[in-house]
Structure formats: structure tokens, C-alpha cells
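Letter 299 of the sequence shown, counting from 1, is numbered 299 in the UniProt record's numbering, and no numbers are missing.
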Amino acid sequence: MAGSSAAFVHEPINQAIQEIRLISIIPETTGPIRCNLTHVNLQSNPTPEYRALSYVWGPPSPVQEIQVNGHRFLVRQNLYDFIYAFRERLYKFRGGNGYEDEVQWLWIDQICINQALIGERNHQVKMMSDIYRRATYVYVWLGKPNGSTEATMKVLKCNYRRYHDSETLTKSSKTSSKISGYGTSIRAEDSISLPALRHFFGNPYWLRLWIVQEIMLARYIRVMCGETLLSWDELKRFCSSTLPNVYSDDVVPLQLKWLTDHALSARHYSYAELLLTFSASQCENPQDRVFGLQGLIPDAERAEIDYGKPANQIFCETARAFVDSANSMPQAPFNRSLEHLSYSGAKETFFSDATMILMQETEYDLRLHLVNVLMTLGDNMGMSCSERPDAKKMVLALEAIRAMWQEVASYCERMSSDDFVFLYNMQREARAPAAPAPAAPAPAAPPNPSGYVLIMKLLDLENMMNRLYDNLRSIVKEFVSNMLYGTEVGTHA
1 MAGSSAAFVH
11 EPINQAIQEI
21 RLISIIPETT
31 GPIRCNLTHV
41 NLQSNPTPEY
51 RALSYVWGPP
61 SPVQEIQVNG
71 HRFLVRQNLY
81 DFIYAFRERL
91 YKFRGGNGYE
101 DEVQWLWIDQ
111 ICINQALIGE
121 RNHQVKMMSD
131 IYRRATYVYV
141 WLGKPNGSTE
151 ATMKVLKCNY
161 RRYHDSETLT
171 KSSKTSSKIS
181 GYGTSIRAED
191 SISLPALRHF
201 FGNPYWLRLW
211 IVQEIMLARY
221 IRVMCGETLL
231 SWDELKRFCS
241 STLPNVYSDD
251 VVPLQLKWLT
261 DHALSARHYS
271 YAELLLTFSA
281 SQCENPQDRV
291 FGLQGLIPDA
301 ERAEIDYGKP
311 ANQIFCETAR
321 AFVDSANSMP
331 QAPFNRSLEH
341 LSYSGAKETF
351 FSDATMILMQ
361 ETEYDLRLHL
371 VNVLMTLGDN
381 MGMSCSERPD
391 AKKMVLALEA
401 IRAMWQEVAS
411 YCERMSSDDF
421 VFLYNMQREA
431 RAPAAPAPAA
441 PAPAAPPNPS
451 GYVLIMKLLD
461 LENMMNRLYD
471 NLRSIVKEFV
481 SNMLYGTEVG
491 THA
């Protein structure tokens with residue numbers, strides 16, 4: 001595409017008010033994609049009508065060129081595909097019918113936010129809940145279509161119409177028994193292959209973290225693939241009623257199941273519940289693990305949005321907020337929320353492993369988890385503590401623990417399969433009901449050398465594991481205290 005002479009430069013946003021940028025796409029069928037961009041105040045009366053886009057950014061390359069206010073602007077491929085399809089649809093339903101003057105304004109973060117300015121990103125992300133809540137409706141963009149995608153969407157639309165017709169008939173006639181289940185099954189002529197359904201519901205969009213608040217805050221939702229549109233009700237009906245009756249239950253991602261059950265509802269959710277529910281969702285920036293759900297929680301619970309802070313600091317501040325509010329929170333969601341934070345972008349740090357240990361609810365779980373933690377603890381510990389004044393002491397203590405664990409592991413390696421079989425039999429006999437006392441005492445069995453050695457090994461193993469656990473627990477508590485509060489355990493100002 002031929003480029004214009006100069007790159008587009010954003011004019012500053014007025015951060016003293018609720019100002020955002022909106023773009024309109026000029027409806028044409030040929031030539032470069034041309035857009036107009038303007039600034040609007042969401043506090044103005046009346047609020048300007050606009051649509052908001054919910055989509056996946058996709059990989060940073062390739063990029064495509066469009067024109068914004070007559071200047072060159074680069075967008076990622078998936079957004080370019082949406083703008084191209086939207087322009088075609090605009091021309092077909094507006095420009096091609098003589099309604100060129102009717103403008104449709106869009107809010108698209110990739111264009112409407114100056115992504116190079118952290119201060120502006122902070123300001124606009126804080127406003128995200130208002131932006132999506134005030135949009136006339138939200139476009140959900142699933143990308144360019146293929147043959148199976150378009151066919152799937154058509155079946156979903158037909159299925160919803162059949163369901164809607166059955167509802168009308170049920171209210172007005174005596175045939176309700178005859179049409180029971182109408183709209184919860186698929187006619188032969190409307191059948192969809194399981195691979196086609198998996199392709200549709202396996203779209204990366206459904207796994208994205210940001211879509212949760214974008215969909216939950218929307219007044220109306222239109223799912224768009226190419227030029228084909230699907231209402232949220234059409235999608236929801238298929239997922240909740242038809243799909244479970246016809247196909248296996250694992251076709252729809254868990255995140256989409258949750259959204260079809262809860263979207264467009266007025267219920268409020270706790271931060272802990274949201275972190276737990278969407279712990280497996282995907283986002284490009286690790287900070288978005290915390291920031292991406294802020295629009296769904298009360299203002300008092302929201303974290304400070306600052307993309308200038310490293311992810312580890314954001315996770316620690318959020319964990320500290322959970323710790324400070326633990327007395328007023330149910331313990332299980334609180335613990336699981338810390339687990340979500342520990343497995344976020346800071347997964348490769350010692351803080352993650354430490355959090356995982358401290359959240360375990362029983363000592364038995366702690367000991368089981370110890371093995372997994374120690375597999376990666378050494379390198380992570382050195383990395384995250386390298387700049388701390390107590391790093392040397394921590395790393396030396398860790399090295400002692402690792403040496404102890406290697407000794408434990410060597411015992412395990414020397415234990416033969418016969419030893420483990422013997423141990424299993426001992427445990428099974430210990431759990432069995434006590435047998436009645438024999439009439440006469442049985443002769444003493446000769447000592448089992450193999451069993452005796454095994455018991456000695458197990459006693460040594462238990463002693464070392466106890467020492468290992470106690471040492472590690474004290475180090476973890478001290479380290480997490482430093483991370484959260486900047487003070488050592490037992491230290492006073």
C-alpha cells in the first residue's frame with residue numbers, strides 16, 4: 001500500500017477530564033483505508049454514540065498501513081482485517097445506499113490510545129470500564145472467516161430463530177408438548193462437524209483476559225467474523241442449550257461458558273473470585289493480570305494502574321492488599337487469589353514459589369509441594385535476590401537446603417523396587433482391620449533384613465525432610481515479609 005508522506009502523531013489527551021479519542025472509517029471499496037480521528041469528552045451531554053471493539057491484538061508483525069487524518073499509521077494484521085471488513089460492511093449498508101454522511105464512531109485501543117506514552121495508557125485503562133459501559137454496543141471480532149466459520153455462525157443464527165419461534169408457539173398454542181426441545185437440537189441439514197465447532201470455539205479470542213470486562217460491561221454485543229454478525233443471545237442460546245445436548249461438553253472453553261452465563265448481568269464479583277476464575281486467561285503484558293479485571297470491581301478495591309512499575313512490584317502490592325484485607329475475606333478465595341498471582345508473570349521468581357508454599361492449607365500439602373519447589377528454587381532465588389542486601393545470607397541458606405535435598409534424593413535412588421513393594425504392603429497391613437488373636441502365639445518371624453534397612457532409610461529420610469521443611473519455611477517467611485513489607489521478621493523500627 002502506498003504510504004502518505006508523514007506518520008500520524010496523536011494530539012495529547014486532556015487527562016483532567018474523561019476525554020477519549022474516537023475514529024470513523026470512510027466507507028469505500030477501493031484505495032487505502034482512510035479514517036478520521038477526533039477527541040470527545042465522555043462527561044459531555046449528550047454522550048456521543050460510538051461502538052467499542054473487543055479483539056485480540058495478535059503478533060507484533062506483520063503490520064499494515066492505514067491513514068488516520070491523512071497521515072500514515074501502522075496497525076497489526078488482525079486489526080487491519082477488522083477495519084477492512086468493517087469498511088466493506090459500511091459501504092454495503094450505508095455508503096452504497098446513499099447514507100455516506102451518517103458516521104459510525106469506533107473506539108479501538110490500538111489507535112485511540114497513544115501506546116508509547118505510559119501516562120496516557122494509565123489514564124485510559126482507568127477509564128476502560130466507562131468506555132465499554134457507555135458504548136452503544138461492543139463488536140467482538142473473531143478474525144477473518146473460513147468456510148467452516150461462516151457455516152457455524154449461520155447454524156447458530158438458524159438455531160436461535162428456531163428457538164425463538166418455539167417460544168412464541170409455546171405461549172400461544174396447545175402444542176408446547178410437541179415442540180419441547182425445539183431449538184435445543186440441530187436439524188440434519190444444519191449439522192456442523194465437531195472439528196468445525198472446535199475451530200470456532202478454539203479461536204484465541206475466547207482465551208484472552210481483557211475480553212472478560214469488555215464483554216461483561218457491554219450493553220449489547222455483536223460477534224463479528226468477516227462481514228457476518230451474530231448476536232450474543234444467539235451465541236448464548238447455542239452454548240447453554242443446544243451444544244450440551246448434541247456435542248461433547250468440552251467444545252466450549254471454560255471462560256466462554258462463564259461469560260455466556262454471566263454477561264449482561266448486574267451481579268458484582270469480588271476481586272478474589274475474578275482472579276481465581278480467570279487464572280488461565282491469556283494477556284500480552286504481565287501487568288494486565290492485575291489491570292485487566294479492574295473494571296469489574298468496586299473503586300475501593302482497584303489497584304493503582306501504573307504500567308511504569310515492573311510486574312513483580314505490581315503482584316507484590318496486590319498480594320499485600322490481599323494480606324491486609326484477609327480478615328474480611330473468605331479464606332479459600334483469598335488463598336487461591338494469591339495462587340493466581342504467584343503463577344502470573346512472576347512465575348519464574350522466588351516470590352512465586354514462596355507464595356505457593358505459604359498458601360498451602362495443611363502441613364502435609366506443604367511437604368508434598370516442597371519437592372516441586374526445590375526443583376527450580378535455586379536459580380530463581382539467586383535471580384530475584386541478587387540486588388537485595390540479605391541476598392548472600394539467603395542464597396547460602398538455600399545452598400544448604402539444596403545439599404540436604406540431594407542427600408534425600410540419593411536415599412530415594414538407592415531404594416529398590418522391592419523396598420517400595422515392602423513399604424506398600426506395610427501400609428496396607430497397617431490400614432487393615434485388626435485380626436482376632438490366635439489361639440496360640442505364633443513363632444517369631446526372623447527379622448527381614450530388607451524391611452529393617454528400609455525402615456532405617458525412611459526414618460533418616462523423615463528426619464532430613466523435617467529439617468529441610470523447617471529451614472525452608474523460615475527462609476520463605478522472611479523473604480516474603482521483606483518482599484511485602486520491606487522488613488525482616490522479628491526486626492523492629
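Positions of the beta carbon are idealized from the N, C-alpha and C atoms, including for glycine.
Burial state of residue i (16 or more Cβ within 10 Å)
i, result
"residue 70", "exposed"
"residue 92", "exposed"
"residue 219", "exposed"
"residue 30", "exposed"
Beta-carbon contacts of residue i that lie in its chain and below 7 angstroms, excluding the five residues immediately before and after
i, result
"residue 50", "22, 105, 106, 107, 135, 136"
"residue 204", "56"
"residue 206", "253, 255, 256"
"residue 152", "192, 196, 197, 200"
"residue 251", "197, 198, 201, 243"
"residue 277", "258"
"residue 309", "none"
"residue 42", "18, 20, 130, 134"
Rounded straight-line distance, which links the Cα of residue j to that of residue i
i, j, result
"residue 5", "residue 103", "26 angstroms"
"residue 357", "residue 312", "Per-residue confidence for residue 357 stands at a pLDDT of 38, beneath the threshold of 50, marking its modelled position as unreliable; no derived number is given."
"residue 239", "residue 202", "13 angstroms"
"residue 343", "residue 315", "Bear in mind that the predicted position of residue 343 carries a pLDDT of just 42, short of 50, making it too unreliable to give a figure here."
"residue 229", "residue 124", "28 angstroms"
"residue 271", "residue 154", "37 angstroms"
"residue 144", "residue 317", "40 angstroms"
"residue 46", "residue 72", "32 angstroms"
"residue 44", "residue 26", "25 angstroms"
"residue 227", "residue 140", "12 angstroms"
"residue 7", "residue 235", "40 angstroms"
"residue 33", "residue 11", "21 angstroms"
"residue 300", "residue 195", "45 angstroms"
"residue 306", "residue 17", "18 angstroms"
"residue 24", "residue 74", "16 angstroms"
"residue 295", "residue 159", "33 angstroms"
"residue 147", "residue 66", "27 angstroms"
"residue 285", "residue 142", "21 angstroms"
"residue 302", "residue 321", "10 angstroms"
"residue 48", "residue 39", "11 angstroms"
"residue 68", "residue 287", "29 angstroms"
"residue 62", "residue 83", "16 angstroms"
"residue 35", "residue 64", "14 angstroms"
Option in the options with minimal Cα separation from residue i
i, options, result
"residue 282", "195, 38, 56", "56"
"residue 217", "12, 53, 148", "53"
"residue 37", "114, 82, 28", "114"
"residue 130", "20, 270, 7, 162", "20"
"residue 128", "310, 301, 27, 293", "293"
"residue 60", "317, 287, 15, 80", "80"
"residue 89", "158, 17, 78, 224", "224"
"residue 289", "192, 251, 208, 252", "208"
"residue 162", "295, 233, 67", "233"
"residue 254", "241, 273, 280, 275", "280"
"residue 28", "7, 286, 86", "86"
"residue 274", "286, 291, 285, 284", "291"
"residue 150", "138, 116, 193", "193"
"residue 138", "302, 109, 285", "109"
"residue 15", "303, 286, 117, 197", "117"
"residue 58", "82, 78, 231", "78"
"residue 222", "262, 157, 241, 261", "157"
8 angstroms CB neighbourhood of residue i in its chain, flanking five on each side removed
i, result
"residue 259", "211, 212, 215, 216"
"residue 9", "71"
Residue i in three-state terms, based on DSSP
i, result
"residue 52", "strand"
"residue 237", "helix"
"residue 36", "strand"
"residue 24", "strand"
"residue 231", "strand"
"residue 71", "strand"
"residue 216", "helix"
"residue 307", "coil"
"residue 259", "helix"
"residue 66", "strand"
"residue 41", "strand"
"residue 84", "helix"
Cβ neighbours of residue i in the same chain (closer than 6 angstroms, five flanking residues each side left out)
i, result
"residue 13", "19, 120"
"residue 126", "305"
"residue 133", "217"
"residue 111", "23"
Cβ-heavy atom distance, residue i to the ligand NAP, below 8 angstroms
i, result
"residue 53", "Ligands displayed in this structure: none; no statement on the ligand NAP is therefore possible."
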